[in-house]
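These notes are about the structure you will find just below.
Protein chains: 2
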Amino acid sequence: MPVKLNLDKLDFQIIQEMMEDAEISYADLGKKLFVSGGTIHVRIKKLQEYGIVKGTRLSVDLKALGYDVIAFIGIFLEKSSLYDTVAKELKKIPEIVRLNYTTGNYSMFAEIVCKDIQQLRFVLHDELQKIKGIERTETFISLEESFARNVLVNDTAAG
Amino acid sequence: MPVKLNLDKLDFQIIQEMMEDAEISYADLGKKLFVSGGTIHVRIKKLQEYGIVKGTRLSVDLKALGYDVIAFIGIFLEKSSLYDTVAKELKKIPEIVRLNYTTGNYSMFAEIVCKDIQQLRFVLHDELQKIKGIERTETFISLEESFARNVLVNDTAAG
DNA sequence: CAAATATTTGAATAAATATTCAATATTTTC
DNA sequence: GAAAATATTGAATATTTATTCAAATATTTG
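Note that the protein sequences, when read in sequence, are chains A and B.
Residue 185 is where the first sequence starts when you use this note's numbering, and the numbers rise one by one after that.
Residue 185 is where the second sequence starts when you use this note's numbering, and the numbers rise one by one after that.
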């Protein structure tokens, strides 16, 4: 059972700012939000205790590293009861970075990151086809990412 | 023109580790990767100069904040030339956190994060429908996220 | 509205950690 | 394979920044 959350505007502002840039110091963030560094400290400690804040991650330019190809894959299963076993197999493919069980047309929805179309072709054709229970797949290759951002967090009806 | 990258195994190991946890100190990361803290320092400086490393982001438990509903939206446009104007309109909707221009069935592919089904309904029905140029949409609500992780980076045919 | 409780402030301090750098080791070049 | 160039080491240092805490403020409660 989660602790009853009682977050105010400042908590959400801290989260929003640090989702963009976690390197900012408590003092500087305090200046930005018109409170003292001590208050930022107390709030972040609270957010960590609540389990809302779960550390920081390095932001990396994957394109610059050569990971140019992003695609989405809609997956049709032979039987939806096969979800767990197929998910387990998909997890073994490192190029697949995300998998969701979805309503609608597809049984599951995957995101894949590759270095080039050859690698994508290999995963789709050689690896996915081997997995028992997948009926067929539909691939949507991203030609351009228009934007990717964080959700705007606030306290309307939260917690 | 990007600087010719010359990244070795250690660079990729540093990136991989810090994509999971950016709070680790140079000394500790050095221990983990069997080099000195000084070497980690030099490598990270290089990665920053290359523009590969772009700061750190706070990792937040959105579910705990009440953002329970994730959905994917396939969007059909009346004419694919309308992409830019529609993208601009979609960017104004804060619940839409990501938009890709894709090959395949749909013209564009969006991801949306909401607090509840009511909010999702509102965005789909009241906001998306208002946008000129959208023919129709297909929504896939995530019932479960099986996994979400970073791609495995390495130097095969990189940079 | 007074008392009790909780929160914020801001400066002092402690702690952590990035940075520096001479010595050493490794790799590359000719 | 010797010389030159480059990279690593690891300890010393400087710097940053989290942490602490008493006083001041603000908020809640009966």
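Glycine residues also receive a C-beta, built at the ideal position from the N, C-alpha and C atoms.
Residue-chain proximity (residue i, chain A), Cβ-Cβ < 7 Å
| i | result |
| --- | --- |
| residue 192 of chain B | no |
| residue 224 of chain B | no |
| residue 269 of chain B | no |
| residue 262 of chain B | no |
| residue 219 of chain B | no |
| residue 216 of chain B | no |
| residue 195 of chain B | no |
| residue 207 of chain B | yes |
| residue 259 of chain B | no |
| residue 199 of chain B | yes |
| residue 187 of chain B | The pLDDT assigned to residue 187 of chain B is 49, lower than 50, so where the model puts this residue is not dependable; a value taken from the coordinates is nonetheless given after this. No, residue 187 of chain B does not count as interfacial toward chain A. |
Cβ-based burial, residue i [other Cβ within 10 Å; buried from 16]
| i | result |
| --- | --- |
| residue 227 of chain B | buried |
| residue 257 of chain B | buried |
| residue 190 of chain A | exposed |
| residue 333 of chain B | exposed |
| residue 231 of chain A | buried |
| residue 229 of chain B | exposed |
| residue 259 of chain B | buried |
| residue 299 of chain B | buried |
| residue 301 of chain B | exposed |
| residue 286 of chain A | buried |
| residue 211 of chain A | exposed |
| residue 293 of chain A | buried |
| residue 304 of chain A | buried |
| residue 195 of chain B | buried |
| residue 295 of chain A | buried |
| residue 336 of chain B | exposed |
| residue 222 of chain A | exposed |
| residue 279 of chain B | buried |
| residue 209 of chain A | exposed |
C-beta neighbour in chain B for residue i, strict 7 Å
| i | result |
| --- | --- |
| residue 210 of chain A | no |
| residue 249 of chain A | yes |
| residue 343 of chain A | Annotation note: pLDDT 45 at residue 343 of chain A (below 50); position unreliable, coordinate value reported separately. Yes, its Cβ sits closer than 7 Å to a Cβ of chain B. |
| residue 253 of chain A | no |
| residue 203 of chain A | yes |
Nearest-angstrom Cβ-Cβ length linking residue i and residue j, presumed shorter than 8 Å
| i | j | result |
| --- | --- | --- |
| residue 261 of chain A | residue 220 of chain A | Incorrect: roughly 55 Å between the Cβ atoms, too far for contact. |
| residue 240 of chain A | residue 207 of chain B | 6 Å |
| residue 242 of chain A | residue 224 of chain B | With 8 Å as the limit, residue 242 of chain A and residue 224 of chain B do not qualify as a contact, their Cβ atoms being about 13 Å apart. |
| residue 331 of chain A | residue 275 of chain B | 6 Å |
| residue 322 of chain A | residue 284 of chain B | About 15 Å; that fails the 8 Å criterion. |
| residue 281 of chain B | residue 236 of chain A | No, residue 281 of chain B and residue 236 of chain A are not in contact; Cβ-Cβ is about 18 Å, not under 8 Å. |
| residue 297 of chain B | residue 217 of chain B | Actually they do not touch by this definition, with Cβ atoms about 35 Å apart. |
| residue 318 of chain B | residue 255 of chain B | Not quite, the Cβ-Cβ distance comes to about 16 Å (not below 8 Å), so this is no contact. |
| residue 234 of chain B | residue 271 of chain A | Not really, about 36 Å apart at Cβ, beyond 8 Å. |
| residue 368 of chain B | residue 192 of chain B | In this structure chain B extends from 185 to 343, so residue 368 of chain B is not present and cannot be described. |
| residue 253 of chain B | residue 277 of chain B | 14 Å between Cβ atoms; not a contact. |
beta-carbon residue i near the ligand ATP non-hydrogen atom, thresh 6 Å
| i | result |
| --- | --- |
| residue 283 of chain B | What this structure holds is no ligand at all, so the ligand ATP is not there to describe. |
Worksheet item: Using Cβ-Cβ distances below 8 Å, what residues of the segment 319-340 of chain A are close to chain B?
Response: Answer in chain order: 322, 323, 324, 325, 326, 327, 328, 329, 330, 331, 332, 333, 334, 335, 336, 337, 340.
Fill in: Runs of beta strand (DSSP E) lying entirely within the segment 243-274 of chain B, each at least 3 residues, in chain order
Listed in chain order, the complete beta strand (DSSP E) runs (minimum 3 residues) inside the segment 243-274 of chain B are 253-261.
Worksheet item: Along the chain, which unbroken stretches of the beta strand (DSSP E) at least 3 residues long are found entirely within the segment 269-339 of chain B?
Response: Fully enclosed beta strand (DSSP E) runs of 3 or longer: 280-286, 292-298, 318-332.
Item to complete: Taking only beta carbons into account, state which residues of the segment 294-318 of chain A come closer than 8 Å to chain B, listed in chain order.
Response: If the cut-off is 8 Å between Cβ atoms, the segment 294-318 of chain A has 297, 299, 300 near chain B.
Fill in: Proximal residues, the segment 230-248 of chain A versus chain B, C-beta separation under 9 Å
Per Cβ criterion, the list reads 231, 234, 235, 236, 237, 238, 239, 240, 241, 242, 243, 244, 245, 246, 248.
Worksheet item: Where in the segment 197-232 of chain A do unbroken runs of the alpha helix (DSSP H), each at least 4 residues long, occur, reported from the N-terminal end onward?
Response: DSSP runs (the alpha helix (DSSP H)) wholly in the segment 197-232 of chain A: 210-217.
Discussion item. To be precise: take each residue of the segment 271-286 of chain B, compare its Cβ to all Cβ atoms of chain A, and keep it if any distance is under 8 Å. Which residues remain?
Written reply: So the close ones are 271, 274, 275, 278, 279, 281, 282, 283, 284, 285, 286.
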